[in-house]
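J.:
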Amino acid sequence: MWWIIGIVIVILLLVAWIFSTYNSLVGLRNRVKDQWAQIDVQLKRRFDLIPNLVETVKGYAKHESETLEAVIQARNTYVSATTPEAQMKADGDLEKAISKLFALTESYPDLKANTNFQHLQQELTETESKIASARQFYNDTVLLYNNKVEMVPSNIIASIFKFTKETFFEAAEAERENVQVKF
Numbered sequence: 006m007w008w009i010i011g012i013v014i015v016i017l018l019l020v021a022w023i024f025s026t027y028n029s030l031v032g033l034r035n036r037v038k039d040q041w042a043q044i045d046v047q048l049k050r051r052f053d054l055i056p057n058l059v060e061t062v063k064g065y066a067k068h069e070s071e072t073l074e075a076v077i078q079a080r081n082t083y084v085s086a087t088t089p090e091a092q093m094k095a096d097g098d099l100e101k102a103i104s105k106l107f108a109l110t111e112s113y114p115d116l117k118a119n120t121n122f123q124h125l126q127q128e129l130t131e132t133e134s135k136i137a138s139a140r141q142f143y144n145d146t147v148l149l150y151n152n153k154v155e156m157v158p159s160n161i162i163a164s165i166f167k168f169t170k171e172t173f174f175e176a177a178e179a180e181r182e183n184v185q186v187k188f
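Counted the way the numbering used here counts, the sequence shown spans residues 6 to 188.
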């Protein structure tokens with residue numbers, strides 16, 4: 006009689022552990038999706054600012070159309086990206102194009118003094134900071150989730166219910182190169 010009660014208790018504890026582990030994995034997977042959405046919100050804000058910035062620069066740097074077109078092209082590439090991996094790559098291209106745009110403005114003192122441009126540049130700089138923070142939170146959340154998916158014993162539940170690892174947001178190779186400052 007006592008051994009039946011013991012077996013029932015063990016089975017109940019095992020079922021409780023399975024439910025707890027499954028719910029934990031679902032919660033972490035949803036946090037990963039939420040953190041990606043937070044990055045997406047900031048990227049959308051950046052994309053909304055870019056056309057205004059480009060139009061402001063156009064008035065001062067009419068012959069610099071190649072740089073302006075690169076910014077618009079990078080923005081459009083991100084908008085058409087359908088997976089987080091494609092969005093991550095497109096985002097790196099956009100960052101590079103924006104940095105070229107800001108470098109271009111150094112050649113135009115009147116542009117740098119334009120209050121509309123200064124405001125847009127400040128907004129974009131603030132947005133870039135928020136994007137960096139959102140990326141950090143995303144990667145921290147992916148780390149927690151991936152650990153849960155891979156570590157024993159939760160990896161058993163993860164494999165049974167087909168939980169898979171998520172991709173970290175990584176800097177593009179060009180973004181890892183040393184910055185050259187020339188005076």
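Each residue gets a CB set at the ideal place from its N, CA and C atoms; glycine is no exception. This one's a predicted model, so the numbers in the text were calculated from it and none came from an experiment.
Should A21 go down as buried or exposed, given a rule of 16 or more other Cβ atoms within 10 Å for buried?
T.: Taking the sequence shown and counting its residues from 1, one reaches residue 21 at position 16. Under this definition A21 is an exposed residue.
J.: Looking only at its chain, what residues have a beta carbon closer than 6 Å to the beta carbon of R208, apart from the 5 residues adjacent to it on each side?
T.: For residue 208 there is no data in the structure shown, the boundaries of the chain being 6 and 188.
J.: By Cβ distance below 6 Å, which residues in the same chain neighbour M93 in space, the five residues on each side in sequence not counted?
T.: Working through the sequence shown from its first residue, we reach residue 93 at position 88. Result list for M93: F174, in chain order.
J.: When we look at the beta-carbon of Q127 and count the other beta-carbons within 10 Å, is it buried (16 or more) or exposed?
T.: Here residue 127 corresponds to residue number 122 of the sequence shown, with the count starting at 1. Answer is exposed; the Cβ neighbour count stays below 16.
J.: Can at least three beta-carbon pairs, one atom from the segment 135-143 and one from the segment 103-111, be found at a separation below 8 Å?
T.: They do not touch, by the three-pair rule.
J.: Since L109 and L58 are thought to touch, with beta carbons under 8 Å apart, how far apart are those beta carbons, to the nearest angstrom?
T.: Residue numbering aside, residue 109 sits at position 104 when the sequence shown is read from its first letter. Residue numbering aside, residue 58 sits at position 53 when the sequence shown is read from its first letter. Actually they are not in contact, since the Cβ atoms of L109 and L58 sit about 11 Å apart, beyond 8 Å.
J.: My understanding is that A95 touches T82, with C-beta atoms under 8 Å, so please give their C-beta distance in whole angstroms.
T.: In the sequence shown, the residue the question calls residue 95 occupies position 90. In the sequence shown, the residue the question calls residue 82 occupies position 77. The pair is a contact, with the Cβ atoms about 5 Å apart (cut-off 8 Å).
J.: With 16 other CB atoms within 10 Å as the buried threshold, where does F122 fall?
T.: Reading the sequence shown from its first residue, position 117 is the one you call residue 122. Answer is buried; the Cβ neighbour count reaches 16.
J.: Going by other Cβ atoms of all chains shown within 10 Å of its Cβ, with 16 needed for buried, is W8 buried or exposed?
T.: On the sequence shown, residue 8 is found 3 positions in, with the first residue counted as 1. Answer is exposed; the Cβ neighbour count stays below 16.
J.: For K153, does the count of other Cβ atoms within 10 angstroms reach 16, so buried, or fall short, so exposed?
T.: As a working mapping, residue 153 is identified with position 148 in the sequence shown. Result: buried.
J.: So T146 and Q40 are supposed to be a Cβ contact under 8 Å. How far apart are they, rounded?
T.: Residue 146 sits at position 141 when you count from the first residue of the sequence shown. Residue 40 sits at position 35 when you count from the first residue of the sequence shown. Right, the Cβ-Cβ distance comes to about 5 Å (below 8 Å), so this counts as a contact.
J.: For I77, name the three-state secondary structure that DSSP assigns.
T.: Here the question's residue 77 lines up with position 72 in the sequence shown. Helix at I77.
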